[in-house]
Structures are given as structure tokens and as C-alpha cells.
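Engineer: 18 is the number of the first residue of the sequence shown in the working numbering; add one for each residue after it. From the three backbone atoms N, C-alpha and C, an ideal C-beta is built for every residue, glycine too. Because the structure is a prediction, the values reported are computed rather than measured.
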Amino acid sequence: MLETQVTKAPPSLLYMVKQVELVVRSHLDELVRPSGITALQYTALTVLERHDGLSAAQLARDSFVTAQSIADLVRSLETRGLVRRERNPKNRRELLILLTGEGRALLAQHEGPVRELEERMVRDLTAHQTEQFRQALTRAWHALS
């Protein structure tokens, strides 16, 4: 009897992206836990660092959380003094979320370890491959946005 060799298909790209996301989040949670925040809270703080003064809806979208969960996340960060809310001068009904000095200090504290995690993730890639990876991820995100 002749054995046929079954060639297994490689895992889907969606599966592989999810694997990377889960392992990154796990490591990020470990890094920020001593500061009393979660990876999701850290992500929201980094979003505000790049684009300070966002509405809750904008922050939720850019932080990859639901509009419902952003309220609890922001309340927790505000209680810790890491963010503050103030009225939007252009739309008095809207509250803008802003990073505080304490929030900036917490991000600065984690800058090195987070950079090391990212470097570890791409350490087997050349600088050119890392840039191609960044561009490919950006194009994939735009294709689905």
C-alpha cells in the first residue's frame, strides 16, 4: 500500500496575527502590571500621547476597545491621575480626554522595556524586513478599515 503524504496548509494569516497579538498583550501586561495598569490602559495612554484631547469615542476606536468599555477604562485612569477630562471648547457637550503629567511619567517609565519587547519581537528580522513588516501591517490595516 502506497502512503500518500498529506501536505498541511500553513496557518491562516488571521490566525497568525491573532497569535502575535495575544503574546504581545501577555508580555505587555507583565511589563505594566507593577504600575497598576493593564495593557489596554497602557494602549489608551499611548494613543493620548500621540493624539491628546480625544473624545471617548475616538479614544475607544484608536485603543481597540468598545465605546462601552472605554468609560470604565477612562474612569480608572482618571482616578489614578493619569488622565483628565475637560469640556471641548468647540462642542460644550463633549468631554475631551487628556494625558496628565503623571500619565506622561508612567509612559516614560515603560518606554525602555516596551521598546525592548518590540526589538525582541523583530530581532530575527533585518532592518529592511522590519520596515517591510511595518508597511505590510499598515497596508493590511488600511485594507480592512
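(1) If we call anything under 9 Å between Cβ atoms a contact, is Arg115 one with Glu128?
(2) Following the continuous beta strand (DSSP E) through Val100, name the residue where it begins and the one where it ends.
(3) If you follow the beta strand (DSSP E) that Arg110 is part of, which residue opens it and which one closes it?
(4) Taking the alpha helix (DSSP H) that Phe81 belongs to, which residues open and close that run?
(5) Between which two residues does the alpha helix (DSSP H) carrying Ala153 extend?
(6) In the DSSP assignment, the alpha helix (DSSP H) including Ser29 goes from what residue to what residue?
(7) Report the residue from Ala74, Ala153 and Glu95 whose alpha carbon sits nearest the alpha carbon of Gln85.
(8) Name the one or two DSSP bridge partners that Leu62 has.
(9) Hey, Ile54 and Leu62: beta-carbon distance below 9 Å or not?
(10) Given that a residue counts as buried once 16 or more other Cβ atoms are within 10 Å of its Cβ, and exposed if not, what is Tyr59?
(11) Give me the Cβ distance between Leu48 and Val131, rounded to the nearest whole Å; I'm assuming they're in contact under 8 Å.
(12) Do Gly70 and Leu124 have their C-beta atoms closer together than 9 Å?
(13) Tell me Leu71's beta-bridge partners as DSSP assigns them.
Structural biologist: To lay it out plainly:
(1) Strictly speaking, residue 115 in this sequence is Leu, with Arg absent from that position. Cβ atoms of Leu115 and Glu128: not closer than 9 Å.
(2) Its beta strand (DSSP E) spans residues Val100 to Asn105.
(3) That run of the beta strand (DSSP E) goes Asn108 to Leu116.
(4) Taken as a continuous stretch (DSSP letters only), Phe81 belongs to no alpha helix (DSSP H), as it is neither H nor E.
(5) Its alpha helix (DSSP H) spans residues Ala144 to Leu161.
(6) Counting along the chain, Ser29 falls outside any alpha helix (DSSP H), and DSSP gives it neither H nor E.
(7) Taking the Cα of Gln85 as reference, the smallest distance to any Cα among Ala74, Ala153 and Glu95 is reached at Ala74.
(8) As far as DSSP is concerned, Leu62 takes part in no beta bridge.
(9) Their beta carbons are under 9 Å apart, which means Ile54 touches Leu62 by this criterion.
(10) Its Cβ being crowded by 16 or more others within 10 Å, Tyr59 is buried.
(11) Indeed, because the Cβ distance is near 6 Å, the residues count as touching under 8 Å.
(12) At the C-beta level, Gly70 and Leu124 stay beyond 9 Å of one another.
(13) Under DSSP, Leu71 shares a beta bridge with Ile114.
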